[in-house]
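Residue numbering for the sequence shown follows my numbering, starting at 5 and increasing by one per position.
Yeah, the Cβ is synthetic: ideal placement off N, Cα and C, and Gly gets one too.
Here the structure is a predicted model, which is why all the values come from computation and not from measurement.
Below is one structure; the comments refer to it alone.
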Amino acid sequence: MRIRSGHLSIIVALTLFSLLASVVSPVKAAAYGTNFTTSITYQNIGNGTATITLDFYNTETSTPITITLPPLAANAGSSIYVGSLSTVSSGFKGSAVMSSDQPLVATLVQVPSTGSPVRSRPLSNSFAQGSSAVRIPTVLKNTFGYTSIISIQNVDSVGADLTVEFVPVSGTPFTVTVTNLPPGSAKYYDMGNFSHPNIGSTFNGSLRITARKTGTSNPGSIVATSLELGTSNNNAYAFEGITVASDTVYMPSALCKYYNGMNSFYAVQNVSDFPVDITVSYSNGNSETVTGIAPGAKYSFKGCGDSGTLNPPLFIGSATITASAGGQIAAMAKIQGNSVATAFPGFTSGSQYVALPYVRWTDSQWANGARQRTYLAIQNIGSTDLASGEVKVYYFDKNGVSKGVHTLGAIPKGGKVNSTAKDASSSNTEFGYYSDGTFGGSAIVAGPAGSQLAVIARVQSISTGEDYNGFPISAFTPPSP
């Protein structure tokens, strides 16, 4: 799906009303094979009321379905459930472009069908712009109990020719092509149904995707999203394809056997044209290096280390991943254990201001699993320590009204702190939930000038949870006290 604000664009690939065919024999409960419907949760990060339109594109088609959304006040957060739109028919699968006269950010929530044993709600973010090259650090087919569905959206104004390179962990890479993908629309690769002479019943690897304007050698503009679904379990999560490679990637969450067995896993892809060495350094001082990762290939790091004893049980912290001299990497994280299975891309840079469009808190309906809580992890990836009181988290309701400020303690360089809506005000007992049945709550993290903050949000119910990355924004005016 893409966003155009003031004719900027939210760019974000959507999985809407998609029935996913299983690649394994039928099971009583599995996320792969479950129907999901998308809810788009969005936030106005501008200074004025936003006028918004939303264009939906069926897979690989060029004619949009256009709707107009209600005006959205500055700082306000809202959502639109695609299943409630009469203009979008059941069974739709495709992409979308959201246009506005104010800057927006959006997070997509994939909601399982009513009565499904799947409780996970995969989350993925919108994009403000595309790239001619996108990397997916991990792609699975019936491996580790999961199968991937990749969506690649053309966010250019003209058609796109795609080159999609599959790079297995072991074996020979191979390439498939797509010709003249219409602007705004998406190409899907459901790995459970995708067949190729080089793929058997399983696949474990990564993707390198490049785009050219149709019929030319000129760079195109694309984005991508991966939805990873359990083939023998109820877990499901999503993450964005990576458009910016770097020699350093930051991970605000790192775990080893924490809280009943939660662990972090990092899939790190070498996007250089030569082999590189990759090092993961944890906030407790421990590190691990793997050498000679081939071009385009990935390596998976475990939060407890390959030995299982690098980090001690109950470790919780953050991590920094680096490539050897001249190397470029892309990385994403998974957090699994204790009924939680989440995913998010690593950060290549931070920001003074970070927006979070999907924030919730419940006291009354937490134990019954009906509502959610959002936990923010805020990492200082700058070069200097941040003193107590220098970073604040501002919480807003669906109308953009301030609902409290959480003033954070000191954050040393490389360190992290946490925040919730309840931390900002004890009255936020049902934050983002309203008596008329509507939803909407958001937050903005603000640091001092020159600070570099990376924020992930964990949206959790009592039975499961999923992560999404906060959006770096260029400006923010705090509300009056």
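For residue i and residue j, what's the separation of their Cα atoms in angstroms?
i       : j       : result
Asp-340 : Ala-271 : Here residue 340 is Gln; the residue named in the question, Asp, does not match the sequence. For Gln-340 and Ala-271, the distance between alpha carbons rounds to 13 Å.
Met-266 : Pro-68  : 42 Å
Ile-156 : Ala-359 : 25 Å
Ser-90  : Pro-316 : 53 Å
Ala-110 : Gly-204 : 37 Å
Asn-51  : Ser-82  : 16 Å
Val-275 : Lys-217 : 22 Å
Lys-426 : Ser-257 : 21 Å
Asn-264 : Arg-123 : 19 Å
Ser-128 : Lys-191 : 17 Å
Ser-465 : Gly-419 : 26 Å
Asp-367 : Asp-194 : 38 Å
Thr-72  : Tyr-399 : 26 Å
Gly-469 : Ser-221 : 43 Å
Gly-188 : Pro-476 : 24 Å
Pro-279 : Ile-297 : 5 Å
Just to confirm before moving on: does the CB-CB distance between residue i and residue j stay below 9 Å?
i       : j       : result
Leu-233 : Thr-147 : no
Tyr-357 : Gly-451 : yes
Gly-300 : Pro-177 : yes
Ile-140 : Ile-226 : no
Thr-41  : Val-101 : no
Ala-34  : Ile-154 : no
Thr-433 : Arg-377 : no
Val-85  : Ser-43  : Here the sequence assigns Tyr to residue 85, which means Val is not the residue at that position. Going by C-beta atoms, Tyr-85 is nearer than 9 Å to Ser-43.
Ala-347 : Ala-461 : no
Ala-327 : Tyr-286 : no
Thr-247 : Ser-135 : yes
Val-168 : Ser-210 : no
Val-409 : Val-397 : yes
Asn-290 : Leu-314 : yes
Val-113 : Tyr-437 : no
Gly-445 : Arg-364 : yes
Ser-104 : Thr-63  : no
Gln-106 : Asn-39  : no
Tyr-254 : Ile-385 : yes
Ser-304 : Phe-351 : no
Val-159 : Phe-198 : no
Could you tell me the boundaries of the beta strand (DSSP E) in which residue i lies?
i       : result
Asp-194 : 190-194
Gln-157 : 150-158
Thr-326 : 319-327
Tyr-362 : First-last for Tyr-362: undefined, no H or E at that position.
Leu-112 : 108-116
Gln-133 : It is not in any beta strand (DSSP E) - Gln-133 carries neither H nor E in the DSSP assignment.
Arg-125 : Looking at the DSSP string, Arg-125 is not in any beta strand (DSSP E), and its letter there is neither H nor E.
Gln-273 : 267-274
Leu-211 : 207-217
Ser-343 : Here Ser-343 belongs to no beta strand (DSSP E), and DSSP marks it neither H nor E.
Thr-181 : 178-185
Pro-316 : Note, Pro-316: premise wrong, no beta strand (DSSP E); not H, not E.
Lys-261 : Premise fails: Lys-261 is in no beta strand (DSSP E) and is neither H nor E.
Ser-230 : 226-234
Gln-332 : Element bounds for Gln-332: n/a, residue is neither H nor E.
Gln-295 : Reading the sequence as shown, one finds Thr at residue 295 and not Gln. Note, Thr-295: beta strand (DSSP E), 291-297.
Phe-243 : 240-244
Pro-141 : 137-145
Tyr-303 : 302-306
Thr-247 : Premise fails: Thr-247 is in no beta strand (DSSP E) and is neither H nor E.
Classify residue i: buried if its beta carbon has 16 or more other beta carbons within 10 angstroms, exposed otherwise.
i       : result
Thr-70  : exposed
Lys-417 : exposed
Leu-202 : It should be pointed out that residue 202 corresponds to Asn in this sequence rather than to Leu. Exposed.
Asp-401 : buried
Thr-45  : buried
Asp-165 : buried
Ser-311 : exposed
Asn-473 : buried
Thr-181 : exposed
Leu-457 : buried
Asp-471 : buried
Ser-353 : exposed
Ser-26  : Note that Ser-26 scores 33 on pLDDT, short of 50, meaning its location in the model is unreliable; the coordinates nonetheless yield the value given after this. Buried, because 16 or more other Cβ atoms sit within 10 Å of the Cβ of Ser-26.
Pro-30  : Residue confidence for Pro-30 is low, a pLDDT of 36 falling below 50, so the modelled location carries little weight and cannot support an answer.
Pro-482 : exposed
Lys-32  : Bear in mind that a pLDDT of 40 at Lys-32, under 50, signals an unreliable position, so the number given afterwards is only what the model happens to contain. When all chains shown are included, Lys-32 counts as exposed.
Gln-133 : exposed
Asp-277 : exposed
Leu-185 : buried
Runs of beta strand (DSSP E) lying entirely within the segment 376-439, each at least 3 residues, in chain order: 377-384, 396-401, 406-411 and 420-423
Contained beta strand (DSSP E) runs [length at least 3] in the segment 46-94, N- to C-terminal order: Counting only runs of at least 3 residues, the segment 46-94 fully encloses the following beta strand (DSSP E) elements, listed from N- to C-terminal order: 54-62, 69-76 and 81-85.
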